[in-house]
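Just add 18 to wherever you are in the sequence shown, counting from 1, and you've got our numbering. Ideal placement from N, C-alpha and C gives every residue a C-beta, glycine not left out. Note sheet for the following structure.
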Amino acid sequence: MYRQFIKPLLFSLSIERAHRIVMLFLRFVGLIPGGRWLLHKCYAVEHPLLEREVFGIRFKNPVGLAAGFDRNGEAYRELAALGFGFVEIGTITPRPQSGNPRPRIFRLPKDRAIINRIGLANRGLEATIRHLRRPHDGVIVGCNIGKNTSTPVENASNDYLKLFRNLYQYADYFTVNISCDNACREGATHTREHILRILEPLFDFRRGQNQYRPIMLKVSPDMPDEVVDRVTDILLETPLDGIVAVNGTHSREGLQTSRTSLEKIGNGRLGGAPLTQRAVEIVRRIHTRSGGTYPIIGVGGLMTPDDVRAMLEAGADLVQLYTGYIYEGPGLVGEICRSLIADEERRQAEVARTQTADTLPSQTASGDQSQPRSEAGSPADEERAAAATASDSIPAEENTAQPSSIETDSESSEQKAEPTPARNGREPGKQA
Ligand SMILES: Cc1cc2nc3c(=O)[nH]c(=O)nc-3n(C[C@H](O)[C@H](O)[C@H](O)COP(=O)(O)O)c2cc1C
19 MYRQFIKPLL FSLSIERAHR IVMLFLRFVG LIPGGRWLLH KCYAVEHPLL
69 EREVFGIRFK NPVGLAAGFD RNGEAYRELA ALGFGFVEIG TITPRPQSGN
119 PRPRIFRLPK DRAIINRIGL ANRGLEATIR HLRRPHDGVI VGCNIGKNTS
169 TPVENASNDY LKLFRNLYQY ADYFTVNISC DNACREGATH TREHILRILE
219 PLFDFRRGQN QYRPIMLKVS PDMPDEVVDR VTDILLETPL DGIVAVNGTH
269 SREGLQTSRT SLEKIGNGRL GGAPLTQRAV EIVRRIHTRS GGTYPIIGVG
319 GLMTPDDVRA MLEAGADLVQ LYTGYIYEGP GLVGEICRSL IADEERRQAE
369 VARTQTADTL PSQTASGDQS QPRSEAGSPA DEERAAAATA SDSIPAEENT
419 AQPSSIETDS ESSEQKAEPT PARNGREPGK QA
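And the structure:
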């Protein structure tokens, strides 16, 4: 249905117009009683074998929607009803910004790719909070945060902290987007100093909270391997929880689209099929260097169930889709989920056969994805345990305050154990 009718219609429009129509449609469906239930019935696949626990959160399935699709958190419940196990909203900046002049998103059908230079267009923190105040209904929401384009790089940490503080109670996890928002390259933003300058105030703020919110760092695929290693080492040395790898690439290598068309399009990040191999390589490198014990969200060029399988085998715990979803449509999530169930059933059957053959005493399967991967003892684990203890000591009803307004940069980030509400049906402090 999507490939035959809807895709040709949407692809006849500019990509931004098509996106606006889809978002309007989803919001409309969300307003109709039973609308989300119907979407769920048509598209979502549920099965215990898909469930897994990553950074203390229980996911119904490991397939999420990548940042950039629901930039303002307008339709995360409807998108989850389409079958996603989680939705990453944003990138959100403190103030609204209109981004780069249009046209700024381009399809490359010959390469099954998209180039974008949106420039982090979004409606800002206040508008996002208005959307996130609605009940999440069990949807796992990641907030992807970035700095305003007009904020100088040396003041970037203020923007991140402001977003983190004000969104803390609404997000299940955070992704810190350090990739630069315009045509610049990553040289300046993927340094250890720059990353720590952004992350440390967030760790400090989190230490004073009674609920733990995992912090992920989203990285560029254009880093040389030494930089990938340096960024991975930050995982090992700080309470950073994990890495989202990767954003779109500036590379134009190996594309079928003509040089002339590419020159006409100009700058921007490319996502889609040409990115698959590099994204998988980076995830494998991070996984290996970090000893396979830190959560990784694999994203980049995941167009088919096979791509997702390769990403999980490289060490990703969760995956996210963007360009693949545009090209393949809403059926892709279900297709991936069904193939993951089949893989897991095969694997379990294989384990059972081996155990019977060896007549070994029963034991847990070694690759059980439903177990948390982080080992106790990492800096992030220590902080999560501390947050859980702090929260457990606070009565639930005291733990449900709503902030009256957006906190400003000047307010202290050391308000110890500021109460935060139980959301999404989970108890405060208890990771799902
Ligand atoms: C139109 C568009 C907008 C995007 N906006 C964002 C964004 O605001 N923040 C972000 O971290 N990534 C953004 N991304 C990057 C995606 O989240 C993803 O990392 C990248 O496209 C690679 O995945 P893919 O190959 O599946 O598209 C955007 C991608 C596209 C295509």
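In chain order, L126, K128 and D129 place their CB closer than 6 Å to the CB of T275, counting only its own chain and leaving out the 5 sequence neighbours on each side. Rounded to the nearest angstrom, the Cβ distance from R402 to Y230 is 5 Å, consistent with a contact under 8 Å. Sixteen is the threshold: since fewer than 16 other Cβ atoms of the shown chains lie within 10 Å of the Cβ of D155, the residue is exposed.
For L320, the shortest C-beta to heavy atom distance toward ligand 1 is below 7 Å. Ranked by Cα distance from N162, the options V171, E172, L179 and A328 are led by L179. In this structure, the CA atom of V245 is about 18 Å from the CA atom of I315.
The DSSP-derived three-state label of Y191 is strand. Counting only runs of at least 4 residues, the region 261-332 fully encloses the following alpha helix (DSSP H) elements, listed from N- to C-terminal order: 277-283, 294-307 and 323-332.
Assigned with DSSP and collapsed to three states, K128 falls in helix. For T250, the enclosing alpha helix (DSSP H) starts and ends at D243 to E255. Residue pairing by DSSP places N140 opposite Q115 in a beta bridge. Annotation: the continuous beta strand (DSSP E) that includes R76 extends over I75 to F77.
Taking the Cβ atoms as the reference, F221 lies roughly 23 Å from P170, outside the contact range of under 8 Å.
Going by DSSP, M41 is part of the alpha helix (DSSP H) stretching over I33 to L49. With fewer than 16 other Cβ atoms inside 10 Å of its own Cβ, N173 counts as exposed. With contacts defined as CB atoms closer than 8 Å, G91 and L150 qualify as a contacting pair. Collapsing the DSSP output to three states places G53 in a helix.
Taking I344 as the centre and dropping the five residues before and after it, the same chain places the C-beta of I132 closer than 7 Å to its C-beta, in chain order. Counting only residues of its own chain and dropping the five nearest sequence neighbours on each side, G286 has a CB closer than 6 Å to the CB of I133, N134 and R135. Judged by beta-carbon spacing, P323 lies within the 8 Å limit of I354, meaning their Cβ atoms are closer than that value. Under DSSP, K236 takes part in a beta bridge, and its partners are N195 and V262. Between I196 and H208, the beta carbon gap of about 7 Å places them in contact (Cβ cut-off 8 Å). Residue state for T374 is assigned as helix, using DSSP reduced to three classes.
Spanning the alpha carbons of I424 and E71 requires a straight line of approximately 32 Å. E281 and Q22 have their C-alpha atoms some 31 Å from each other. Within the same chain, and ignoring the five residues on either side of L214 in sequence, the residues whose Cβ sits closer than 8 Å to its Cβ are I252 and T256. Linking E271 to R248 through their CA atoms gives a straight-line distance of about 25 Å.
Around the CB of R183, 16 or more other CB atoms lie within 10 Å, so the residue is classed as buried. Short of 8 Å from the beta carbon of I24, and not among the five residues preceding or following it, lie these beta carbons of its own chain, in chain order: G347. Assignment of F104 by DSSP, reduced to helix, strand and coil, places it in the strand class. DSSP places E71 outside any alpha helix (DSSP H); the residue lies instead in the beta strand (DSSP E), whose first and last residues are R70 to V72. In the structure shown, V171 falls within a helical segment according to DSSP collapsed to helix, strand and coil.
In summary, Y20 is exposed, with fewer than 16 beta-carbon neighbours lying within 10 Å of its beta-carbon over all protein chains present. Taking non-hydrogen atoms of ligand 1 into account, the C-beta of G86 is found less than 7 Å away from one of them.
Secondary structure of Q229 (DSSP, three-state): coil.
Taking 8 Å as the cut-off, the Cβ atoms of T109 and N140 count as close.
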